[in-house]
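Numbered by our numbering, the letters in the sequence shown go through residues 10 to 330 in order.
Ideal Cβ placement from N, Cα and C applies to all residues, glycine included.
From a predicted model like this one, the values you see are computed outputs, not experimental measurements.
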Amino acid sequence: MTDQIIAVDLGGTQARAALCDAEGKILDRYAQSANAVAGVEAVYTSVVETIRRVATDLAQIRGIGVGVPGPVGPWQGIIHEAPNLAGMVDFPIKARLEKDFGIPTFVGNDANLAAMGEHRFGAGRGVSHMIYITISTGIGGGIIVDDQLLLGWRGFAGEVGHQTLDANGPLCNCGNIGCLEVLAAGPAIERTAREALRAGRESKMNAMVGGDVERVTGAIISRAALEGDPLAKGIYERAAFYIGLGLVSLLHNFDTQVFVIGGGVAIHAWDLIYPTMSQVLVKHAFPSMSKGVRIVPAQLGDDVVLLGAAALVNEKLQMSK
Ligand SMILES: [Zn+2]
């Protein structure tokens, strides 16, 4: 059997590698610090070490797939910029790994690969038109059209978190205003809760943090909301309203069949956000377009980027046959 794949999820804190089979089954895994504090070469060394730990027999490995945070040149396999990875700029990770291991290597943006993972092995299986959205500290995603990841001119497509949904909204980290991300990601939910509490709003969150508004976290807000606190519930409904508007816009642009929503914020608060998201989609999209569209939770959890990297290798090697 020589159809094993090495999948790598290179994050700002950890480098993770998995040995997978062609069906996305993880046979072995290893993780260690990405070592970003020690510089760019230390990050690369960390990637090499995680691969060596799971690739006990290199002759069995058909390909290596790597998911990285930040904009990637998917054809050349270059990490254009990764502020979380010791400030990597134009780092040729594909060429370096192919030189060191002699194995075909493919690279993608982590959220893009997560979309491929859910499409191939998770909640989007069997669907040709799917959009994956991850909602955590930021909002990212990937767009699957006709069973293919949409890459765009330079490979940067799928920045679903940076569609403007409020022209009078707050400034986003990306430089734009009123982006979905700045309205509905984890930090937005926390910011909205703190502002409301500072303004004197009644909520059981006050007691939960002993009156210290700075201690309000996403976990506190979701717990209060699940216990029926009106303010906390309203904050999730507001975030879900903007996510729903984002889905409307994406649906109108891409005629998507299934939206797969992942990331810590969405998964932990699914019951709080799902009703509003789906109502907004039905209320504001063309009726003929929203009919039959599903919004479902992601299925692959923390392994989504690893399995996406495996899906990428799988697809590339089948294509090149
Ligand atoms: Zn933005």
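At least one heavy atom of ligand 1 falls within 7 Å of the beta-carbon of ASN182.
A direct Cα-to-Cα measurement between ILE140 and PRO83 gives close to 19 Å. At a Cβ-Cβ threshold of 8 Å, ALA197 and ALA248 count as neighbours. Rounded to whole angstroms, LYS300 and GLY96 show a C-alpha spacing of 45 Å.
Under the rule that a run must span 4 or more residues, the alpha helix (DSSP H) segments found entirely inside the region 68 to 122 read 102 to 110.
Here GLY149 is bridged, per DSSP, to THR143. Looking at the backbone, the Cα of ASN215 and that of ALA234 are separated by about 13 Å. For ARG25, the secondary structure class from DSSP, reduced to helix, strand or coil, is strand. For VAL191, the shortest C-beta to heavy atom distance toward ligand 1 is below 7 Å. The beta carbon of ALA319 sits closer than 7 Å to those of ILE14, ALA16, CYS29, GLY33 and GLY74, all from its chain and outside the five residues before and after it, given in chain order. One Cα belongs to GLY131, the other to GLY149, and the distance between them is close to 17 Å. Contact check for HIS138 and PHE263: beta-carbon distance about 7 Å, within the 8 Å limit, so the pair qualifies. Inter-residue distance for ASN177 and LEU189 is about 13 Å (C-alpha atoms, whole angstroms). Beta bridge pairing from DSSP links PRO306 with ILE270.
Contact between the region 19 to 26 and the region 39 to 46 is present: 3 or more CB-CB pairs across the two stretches fall below 8 Å. Distance from the Cα of GLY135 is smallest, within the candidate group GLY79, ARG203, GLY255 and VAL267, for VAL267. Using a Cβ-Cβ distance cut-off of 8 Å, the region 90 to 110 and the region 276 to 290 are not in contact, since fewer than three pairs of beta carbons, one from each stretch, lie closer than that value. DSSP, reduced to helix, strand and coil, places LEU260 within a helical segment of the structure shown. Within the same chain, Cβ atoms closer than 8 Å to the Cβ of GLN288 are found at GLY253, the five residues on either side in sequence being excluded.
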